[in-house]
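Novice: Before anything else, here's the structure in question.
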Amino acid sequence: MTDTPHRPVTLVTGGSRGIGAAIVRRLARDGHDIAFTYRDRRDAAEEVARDAREHGAQVSIHRVDMADLADVLSLLPAVLAEFPAVTGLVNNAGITGRIGGFLDVDLAETRDVLEINVLAPLALSQAAIAHMSTARGGRGGSIVNISSGAATTGAPGTYVPYSMSKAALNMLTVGLAKEFGPEGIRVNTVSPGTTHTDIHAAAGRPNAPAERAPNIPLRRAGEPEEIAGAVSYLLSSDASYTSGTDLRVTGGN
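Shown next as structure tokens:
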């Protein structure tokens, strides 16, 4: 692809639907060029890419199984084959596992939760930092990890392993922000509360946003675009002194 000077290039995982798709569209409007991943919805990914290109973004899409470490490790080299550099990473892809009590947790499914929600972001962050670090010849950059409000509640009776995985992601943010701040890397977290996406149906409770709304201080679930706005801020120059922060977008919870 053509090198467009001064345009940020951001890699977004899980960009074909839900919060990830909203992030891709918002960043395109903000002037980013974008690479994003999808797992099995090529048509949806192509639609998001078309929308982003309408805003002038250069876009590349990559089919990646985030539970396959070899697949994950091949991603950044594939992106750098199309763009001269990457300046931002949004670790968005994630799964909850089935909703239910802790004693009913399926351990094989939990392995997938941990591989997708923890190991994949760790591996991608390692690769991105090695590329972006000013101590290693890079130009600096920013990482945003999409966590969850559940990371601080434990999600009892709902999805304890998911909550645990997102708490681990929060600590990844803190550790990386402190270790690599001197090398021009900012790392932050956005923690959404209940948001209108199809992740709830995948977990077995499609009506979860409506069910939870009465217990949210703002009395409603969030929209993906509201999460994307927080990500946009953290990747922008307005957040140039913000690192190691967890920005909760939870309706007051």
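Each residue of the sequence shown is one higher than the one before, starting from 1 at the first, in the UniProt record's numbering.
Think of the CB as a built atom: it goes at the ideal place given N, C-alpha and C, for glycine as much as any other residue.
All values reported here derive from a predicted model rather than from experimental measurement.
1) Between which residues of its own chain and Ala168 is the CB-CB distance below 6 Å, once the five residues before and five after are set aside?
2) For Lys178, count neighbouring C-beta atoms within 10 Å of its own C-beta (all shown protein chains included) and say buried if the count is 16 or more, exposed if not.
3) Let me make sure I understand the geometry here. Which of Leu124, Asp112, Thr110 has the alpha-carbon closest to that of Leu89?
4) I believe Leu247 touches Thr189 by the beta-carbon criterion, under 8 Å. Please report the beta-carbon distance rounded to the nearest angstrom.
5) Measure the CB-CB distance between Gly149 and Asn253 and report whether it falls below 8 Å.
6) Using the three-state DSSP reduction, which class does Asp238 fall into: helix, strand or coil?
7) With three or more C-beta pairs closer than 8 Å as the rule, is the segment 232–250 touching the segment 40–58?
8) Hey, is the segment 84–102 in contact with the segment 11–31, meaning 3+ C-beta pairs nearer than 8 Å?
9) With a 10 Å radius around its C-beta and 16 neighbouring C-beta atoms as the bar for buried, classify Phe102 as buried or exposed.
10) Got a sec, what are the start and stop residues for the alpha helix (DSSP H) Ser142 sits in?
11) Buried or exposed: where does Ser232 fall if 16 or more other Cβ atoms within 10 Å of its Cβ makes it buried?
12) By DSSP, does Ala35 sit in helix, in strand, or in coil?
13) Report yes if the CB atom of Gly100 is closer than 8 Å to the CB atom of Glu109, and no otherwise.
14) Is His196 helix, strand or coil when you go by DSSP?
15) Measuring CA to CA, which of Pro156, Gly140, Gly137, Met171 is closest to Ser147?
16) When the Cα of Ala67 is compared with those of Asp30, Asp112, Gly31, Pro192, which residue comes out closest?
17) Which same chain residues, not among the five before or five after Gly244, have their C-beta less than 6 Å away from its C-beta?
18) Hey, is the segment 132–141 in contact with the segment 67–78, meaning 3+ C-beta pairs nearer than 8 Å?
19) Among the candidates Ser191, Ile116, Ser60, whose CA atom is the shortest distance from the CA of Ser9?
20) Taking the alpha helix (DSSP H) that His131 belongs to, which residues open and close that run?
21) Per DSSP, what kind of secondary structure is Ile99 in: helix, strand or coil?
22) Can you tell me which of the three DSSP states Asn91 falls into?
23) Report yes if the CB atom of Ala208 is closer than 8 Å to the CB atom of Thr197, and no otherwise.
Specialist: Here's the rundown:
1) In the sequence shown, the residue the question calls residue 168 occupies position 168. Same-chain partners within the cutoff: Val118.
2) Along the sequence shown, one-based indexing puts residue 178 at 178. Exposed, by the Cβ-count rule.
3) To locate residue 89, count along the sequence shown from 1; it is residue 89. For the residues Leu124, Asp112, Thr110, the minimum Cα distance to Leu89 belongs to Leu124.
4) For the purposes of this step, residue 247 is taken as the residue at position 247 of the sequence shown. For the purposes of this step, residue 189 is taken as the residue at position 189 of the sequence shown. Their Cβ separation, rounded to whole angstroms, is 7 Å, which keeps Leu247 and Thr189 in contact under 8 Å.
5) Position 149 of the sequence shown holds residue 149. Position 253 of the sequence shown holds residue 253. A contact, by the Cβ cut-off of 8 Å.
6) Position 238 of the sequence shown, counted from the start, is the residue given in the question as residue 238. The three-state reading of DSSP puts Asp238 in helix, counting H, G and I together.
7) no
8) yes
9) Position 102 of the sequence shown, counting from 1, holds the residue named residue 102. Flag for Phe102 reads exposed.
10) What you label residue 142 is simply residue 142 of the sequence shown in a count that begins at 1. DSSP places Ser142 outside any alpha helix (DSSP H); the residue lies instead in the beta strand (DSSP E), whose first and last residues are 141–146.
11) Taking the first residue of the sequence shown as 1, we reach residue 232 at position 232. Flag for Ser232 reads buried.
12) Taking the sequence shown and counting its residues from 1, one reaches residue 35 at position 35. Ala35: strand per DSSP, three-state reduction.
13) On the sequence shown, position 100 is the one that residue 100 refers to. On the sequence shown, position 109 is the one that residue 109 refers to. The answer is no: Cβ separation not under 8 Å.
14) For the purposes of this step, residue 196 is taken as residue 196 along the sequence shown, with counting starting at 1. Correct three-state label for His196: coil.
15) Here the question's residue 147 lines up with position 147 in the sequence shown. Of the listed residues, the one whose Cα sits closest to Ser147 is Met171.
16) For the purposes of this step, residue 67 is taken as residue 67 along the sequence shown, with counting starting at 1. Of the candidates Asp30, Asp112, Gly31, Pro192, the one whose C-alpha sits nearest the C-alpha of Ala67 is Asp112.
17) Along the sequence shown, read from residue 1 onward, the residue named residue 244 stands at position 244. So the qualifying residues of the chain are Val174, Ala177.
18) no
19) Stepping through the sequence shown from its first residue, residue 9 is reached at position 9. Note that residue 9 is Val in the sequence shown here, rather than Ser. Check the Cα spacing between Val9 and each of Ser191, Ile116, Ser60: the tightest is with Ser60.
20) Residue numbering aside, residue 131 sits at position 131 when the sequence shown is read from its first letter. Here the alpha helix (DSSP H) through His131 covers 120–132.
21) Here residue 99 is taken as the residue at index 99 of the sequence shown, counted from 1. Correct three-state label for Ile99: coil.
22) The sequence position of residue 91 within the sequence shown is 91, counting from 1. In the structure shown, the three-state DSSP call for Asn91 is strand.
23) Counting from one through the sequence shown, the residue named residue 208 turns up at place 208. Counting from one through the sequence shown, the residue named residue 197 turns up at place 197. No, these two residues do not count as a Cβ contact at 8 Å.
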